[in-house]
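Participant:
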Ligand SMILES: [Fe+2]
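In full-length UniProt numbering, the protein residues as written are 1 to 487.
(1) Would the segment 336 to 355 and the segment 159 to 178 be scored as touching if the rule is three or more Cβ pairs under 8 Å?
(2) Under the three-state reduction of DSSP, which class applies to residue 286: helix, strand or coil?
(3) Looking only at C-alpha atoms, which of 102, 433 and 82 sits nearest to residue 252?
(4) Compare the C-alpha of residue 337 against each of 307, 372 and 314 and name the closest.
(5) In three-state DSSP terms, what is residue 100?
(6) With a cut-off of 8 Å, do at least 3 Cβ pairs link the segment 265 to 273 to the segment 234 to 242?
(7) Going by beta carbon distance, what residues of the same chain come within less than 7 Å of residue 279, once the five residues before and after it are set aside?
(8) Do you know whose CA, among 182, 150 and 120, lies nearest residue 176's CA?
(9) Rounded to the nearest angstrom, what separates residue 376 and residue 350 at their Cα positions?
(10) What's the gap between the Cα of residue 330 and the Cα of residue 54?
(11) Roughly how many whole angstroms lie between the Cα atoms of residue 315 and residue 226?
(12) May I ask which residues mark the beginning and end of the beta strand (DSSP E) holding residue 250?
(13) Rounding to the nearest angstrom, what Cα-Cα distance links residue 435 and residue 408 in this structure?
(14) Based on the DSSP output, what are the partners of residue 136 in its beta bridges?
(15) Quick check on the DSSP output: what are the complete beta strand (DSSP E) runs of length 3 or more inside the segment 326 to 400, in order along the chain?
(16) Using the Cβ count rule (16 or more neighbours within 10 Å means buried), how would you classify residue 358?
(17) Using 10 angstroms around the beta-carbon of residue 52, count the other beta-carbons present and answer buried if the total reaches 16, otherwise exposed.
(18) When we look at the beta-carbon of residue 470 and count the other beta-carbons within 10 Å, is it buried (16 or more) or exposed?
(19) Determine whether the beta carbon atoms of residue 273 and residue 235 lie at a separation below 7 Å.
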């Protein structure tokens with residue numbers, strides 16, 4: 001814990017760095033960031049729509065709320081802007097009784113977004129100066145939180161999206177959080193590996209109980225301030241991806257707002273942290289240098305190793321301005337804690353991202369993974385590919401759902417058909433942008449009839465930028481907040 005003198009020195013140093021960065025930011029290119037134009041152009045208003053048109057038939061029993069988050073700058077994106085840092089917007093679509101009851105989109109009321117919109121910021125405590133929350137929206141117990149990595153506290157949302165409040169898990173969160181917390185279906189706990197843009201020598205394993213209160217927070221020693229976007233769990237371990245993208249003072253001083261860059265000096269390793277262990281108990285296993293944004297799943301095999309399915313990149317953020325280098329591919333990593341090594345195997349070299357599984361199996365052996373195609377041609381907007389994939393990891397078969405020309409899918413989420421459903425017995429749901437009409441559809445696919453046209457399509461009538469991550473929130477037996485109620 002820094003003393004007052006240290007805190008004052010740090011504040012003075014950061015003020016100086018901020019001034020230097022602001023000066024250099026003026027020298028950066030004024031070319032619009034690729035993630036605020038074209039298909040990524042932000043929405044400019046908050047809509048409340050009721051009874052949206054449906055093509056096909058929404059499956060019986062498919063009742064609940066689909067929520068998705070993305071960056072949607074409320075004001076002009078200035079020099080040094082980065083996709084990952086734009087003001088958050090949450091989109092919600094409620095399905096009830098076979099109809100699309102309502103759609104709403106709402107900005108997360110951070111201080112900069114509220115200032116740009118000329119309205120009061122959302123209530124609740126803040127953690128430092130950066131309160132942007134834009135990455136994911138997740139259930140913890142019966143509550144809904146919008147979340148982001150490395151900085152802000154989460155924002156608790158009502159099911160109607162009409163209320164939001166910054167909430168550090170009822171005062172129990174002691175630091176930053178993550179955009180990818182993972183629910184353990186066996187224990188009901190939610191696990192996170194949290195890093196902080198201002199803390200370079202440790203990250204934290206944070207566990208949140210179904211009540212929404214932190215029940216575990218343990219530091220893990222690292223170097224250089226690694227960027228850790230996602231994590232995984234198995235029955236035995238929480239998994240820390242300590243890969244060579246780290247805090248870059250040079251990028252910050254140059255005026256870039258996202259201060260993380262490829263760092264070949266950092267090395268690459270996967271940490272197996274016993275779930276009840278302390279940081280000193282972690283088993284570090286070396287891996288060839290690469291980067292992973294997203295994990296599909298992990299599990300313990302019968303030989304004491306950990307199987308970890310990821311989308312891996314040879315490098316990212318090597319350029320001065322950041323950005324992606326080459327697209328990612330689906331890989332299976334075998335992490336051997338005895339040899340302290342990770343063996344990588346390419347499952348599918350095709351460019352793809354946003355891996356998801358039937359998350360009732362998270363942390364246990366899975367058979368199927370679903371991913372979204374991304375352009376292979378160096379398209380810096382990561383948009384334009386028209387397929388999603390279903391991988392059968394037992395047979396090696398890859399199935400393709402082709403949405404057709406001009407139809408660009410985002411992340412798709414698996415929803416079981418019923419509580420006892422088999423692993424691929426259910427629906428895949430997500431948003432599909434029609435670039436020809438500048439509109440977005442919500443598509444429901446039958447996961448077993450993967451190539452078939454959607455069983456239902458809900459037309460939203462406007463374009464939702466591709467954004468980041470979404471989830472399905474099943475209707476509750478008693479729903480006091482009224483996900484299905486009229487807007
Ligand atoms: Fe992500």
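Ideal Cβ positions, reconstructed from N, Cα and C, are used throughout, including at glycine.
Facilitator: So, from the data block:
(1) Taking 8 Å as the limit for Cβ pairs, the verdict is that the segment 159 to 178 does not touch the segment 336 to 355.
(2) Residue 286 carries a strand assignment under DSSP once its states are collapsed to helix, strand and coil.
(3) 82
(4) 307
(5) strand
(6) The segment 265 to 273 vs the segment 234 to 242: in contact.
(7) 218, 219, 220 and 221
(8) 150
(9) 8 Å
(10) If you take the alpha carbons of residue 330 and residue 54, they lie about 34 Å apart.
(11) 14 Å
(12) No beta strand (DSSP E) contains residue 250, which is instead part of the alpha helix (DSSP H) from 249 to 253.
(13) 7 Å
(14) 147
(15) 329 to 336, 341 to 348, 352 to 356, 368 to 373 and 387 to 392
(16) buried
(17) buried
(18) buried
(19) no
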